[in-house]
Amino acid sequence: MPMQISRVMVRVPLAEWALNTILSSRDLHAYRQYIHAACKKAASGGYLAVLQWAHEHGCTWDVTTCHGAAYGGHLEVLQWAREHGCPWDAGTCRSAAAGGRLEVLQWAREHSCPWDAGTCRGAAYGGHLQVLQWAREHGCPWDAGICHAAAAGGHLEVLQWAREHDDCPWDAITCRSAAQGGHVEVLQWAHAHGCPWDVTTCRSAAYGGHLQVLKWAREHGCPWDASICSSAASSGNLKVLQWAREHGCPWDAITCRSAAQGGHVEVLQWAHAHGCPWDVTTCRSAAYGGHLQVLKWAREHGCPWDASICSSAASSGNLKVLQWAREHGCPWNDTTRLYATFGGHAEVLQWAHAHGCP
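Residue numbers for the sequence shown follow this note's numbering, so the first one is 5 and each next one is one higher.
Rendered as structure tokens:
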């Protein structure tokens with residue numbers, strides 16, 4: 005029932021029923037996070053009547069209530085909450101900016117709500133240039149995170165304005181953020197205007213599966229290394245991995261490990277078939293992730309394993325993987341029981357003990 009509380013906070017009768025239930029609970033502390041979430045949900049949706057009823061009947065709130073009202077642009081809700089003592093912080097201004105709610109931001113600042121660079125970052129990531137401009141005109145601080153946010157959101161106009169006004173700082177994270185989001189036009193402009201980049205630009209493009217971004221970056225001299233292949237493998241982007249290898253990108257055992265960790269058996273198969281090295285970490289990662297089919301295939305094709313496979317399966321609570329590994333001769337030691345204990349996996353611990361784990 006707790007997970008449904010915020011869902012029913014859209015209508016007063018249902019809200020009354022839900023809150024009466026939890027407020028009469030003997031273990032009210034256990035519901036605290038859900039009560040806060042319910043108030044935020046009501047504020048985010050602009051349901052003032054629900055929020056009023058909840059507050060009048062003892063429902064506690066925190067700064068997230070103001071955050072929700074600000075992000076949703078519900079000025080009346082925010083005003084009422086503040087009049088009745090709801091706390092706020094810089095996150096309120098940040099939320100208003102992220103939602104593009106200039107009127108809310110203006111009111112918040114008029115009433116001494118604190119802000120920080122997060123306000124400008126929120127506006128930049130959301131592409132709300134007018135909000136960013138107003139914030140800067142009124143002294144809101146900013147940093148390189150503004151360029152990062154604009155690039156990550158793919159908002160070239162915002163990035164251009166930031167660089168042209170007050171020379172907002174940037175660094176290699178700007179190019180990385182553009183690549184990660186697949187925003188090739190933003191990356192092109194940033195690079196053309198002197199923004200530094202490094203291997204993380206190609207790495208982020210590879211992980212995100214943005215092949216055209218990776219191609220352009222490489223054509224213009226962006227460096228890469230073996231992490232590009234492992235990043236593509238980690239996210240299951242086989243076409244990116246294939247292109248990278250066709251164009252001379254190095255790889256190592258981390259590529260196979262990353263494919264196994266993500267459960268991407270097709271990527272692992274291709275990599276192994278084309279000579280990518282692997283080691284015990286391939287089986288270990290498959291076991292930890294609970295990817296039994298990947299582990300089976302790797303073992304069928306000679307991938308080495310050791311006792312760490314059992315302890316990895318135990319650590320993440322993957323009993324079926326542990327059982328299969330033991331049935332097929334994988335060694336184990338006392339770390340299997342130790343990791344199961346640390347992970348709180350009682351069923352795994354019981355099975356291991358019953359089957360003679362040291």
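Here a beta-carbon is modelled for each residue, glycine too, at the ideal position from N, C-alpha and C. Bear in mind that the values here come from a model prediction, so they are computed numbers and not experimental data.
For S234, I'd like the list of residues in its chain whose CB is within less than 8 Å of its CB, leaving aside the five on either flank, ordered along the chain. Contacts found: W255, D256, I258, T259, R261, S262.
Would you report the Cα separation of G131 and A94, rounded to the nearest angstrom? G131 and A94 have their C-alpha atoms some 20 Å from each other.
How many Å lie between A4 and T123 at the Cα? Because the chain in this structure spans residues 5 to 362, residue 4 falls outside the shown range and cannot be described.
What is the C-beta distance between A156 and C179, in whole angstroms, given that I count them as a contact (C-beta under 8 Å)? About 11 Å separates the two Cβ atoms, so there is no contact after all.
By a C-beta neighbour count over all protein chains shown, 10 Å radius and 16 as the cutoff for buried, is H251 buried or exposed? Classification of H251: exposed, given that the 10 Å Cβ count is below 16.
Nearest to A112 by alpha carbon, out of C70, Y129, R140? Residue C70 is the option with its Cα nearest to A112.
Do you know offhand how far W336's Cα is from S319's? Looking at the backbone, the Cα of W336 and that of S319 are separated by about 13 Å.
Rounded C-alpha distance that separates D171 from D229: D171 and D229 have their alpha carbons spaced roughly 32 Å apart.
Could you compute how far the alpha carbon of S116 sits from the alpha carbon of H59? Across the structure, S116 and H59 are spaced so that their CA atoms are roughly 23 Å apart.
So what's H152 in DSSP terms, helix, strand or just coil? Helix at H152.
Secondary structure at H278, three-state DSSP: helix, strand or coil? Coil at H278, not helix or strand.
Identify, in the order they occur along the chain, each residue of the same chain with its Cβ nearer than 7 Å to the Cβ of C334, setting aside the five sequence neighbours on each side. Cβ neighbours of C334 beyond the five flanking positions: W309, I313, C314.
Assuming S238 is part of the alpha helix (DSSP H), what are its boundary residues? 230 to 238 is the span of the alpha helix (DSSP H), which, as asked, contains S238.
Assuming W146 and A176 form a contact by the criterion Cβ under 8 Å, report the distance between their Cβ atoms to the nearest whole angstrom. In fact, because the Cβ distance is near 18 Å, the residues do not count as touching under 8 Å.
Buried or exposed: which applies to Q297, given that a residue is buried once 16 or more other Cβ atoms fall within 10 Å of its Cβ? Under this definition Q297 is an exposed residue.
Chain-order list of residues whose beta-carbon lies under 7 Å from that of Y343 (same chain, five-residue window excluded): For Y343, same chain residues with a beta-carbon under 7 Å away, outside a window of 5 residues either side, are S315, A318, S319 in chain order.
Can the beta-carbon of V108 be found closer than 8 Å to that of G158? No, Cβ-Cβ distance for V108 and G158 is not below 8 Å.
Segments assigned alpha helix (DSSP H), at least 4 residues, entirely inside the stretch 83 to 146: Under the rule that a run must span 4 or more residues, the alpha helix (DSSP H) segments found entirely inside the stretch 83 to 146 read 94 to 102, 106 to 114, 121 to 130, 133 to 141.
Work out the CA separation of G126 and A53 for me, nearest whole Å. A53 and G126: Cα-Cα distance of roughly 29 Å.
Give every residue of the same chain whose Cβ lies closer than 7 Å to the Cβ of E351, excluding the five residues on either side of it in the sequence, and list them in chain order. Excluding residues within five positions, the ones whose Cβ falls inside 7 Å are L323.
C-alpha gap between Q56 and G76, whole angstroms: Their backbone Cα atoms lie some 17 Å apart in a straight line.
Roughly how many angstroms separate the alpha carbons of G213 and C253, rounded to a whole number? Taking the straight line from one Cα to the other gives about 16 Å.
Within the same chain, show all residues whose beta-carbon is closer than 7 Å to that of D283, passing over the 5 residues directly before and after it, in chain order. These residues qualify, in order along the chain: A257, P308.
Alpha-carbon spacing of A42 relative to P227, whole angstroms: Rounded to the nearest angstrom, the gap between the Cα atoms of A42 and P227 is 48 Å.
Proximal residues to H305 (C-beta, below 7 Å), its chain only, five neighbours per side dropped: Residues of the same chain with a CB within less than 7 Å of the CB of H305, apart from the 5 flanking positions on each side, are H276 in chain order.
Could you tell me the alpha carbon to alpha carbon distance between V203 and L218, rounded to whole angstroms? V203 and L218 have their alpha carbons spaced roughly 11 Å apart.
Have a look at H61 and H78 and give me their C-alpha separation to the nearest angstrom. Taking C-alpha positions only, H61 is separated from H78 by approximately 22 Å.
Going along the chain, which residues of its own chain have a beta-carbon closer than 6 Å to the beta-carbon of R98, five neighbours each way excluded? Leaving aside the five residues that flank R98 on each side, the residues in its chain whose CB is nearer than 6 Å to its CB run, in chain order, G122, T123, G126.
Select from W201, H224, G185, L326 the residue whose C-alpha is nearest the C-alpha of A210. The shortest Cα separation from A210 among W201, H224, G185, L326 belongs to G185.
Residue burial classification, Q354 (beta-carbon count within 10 angstroms, cutoff 16): Per the 10 Å Cβ criterion, exposed.
When you compare only the Cα positions, how much space is there between K44 and G360? Their Cα atoms are separated by approximately 51 Å.
Apart from the five residues just before and just after L133, which ones in its own chain have a Cβ nearer than 7 Å to its Cβ? Cβ neighbours of L133 beyond the five flanking positions: E161, V162, W165.
8 Å Cβ cutoff met for G347 and V325: Their beta carbons are not under 8 Å apart, which means G347 does not touch V325 by this criterion.
Is T68 near the ligand HEM, judged by its Cβ being under 7 Å from some heavy atom? With respect to the ligand HEM, the structure shown offers nothing to examine, as it has no ligands at all.
For T1, tell me which candidate among C90, R303, G279, W274 has the shortest Cα-Cα distance. Coverage of the chain is limited to positions 5 through 362, which leaves residue 1 absent and any answer about it impossible.
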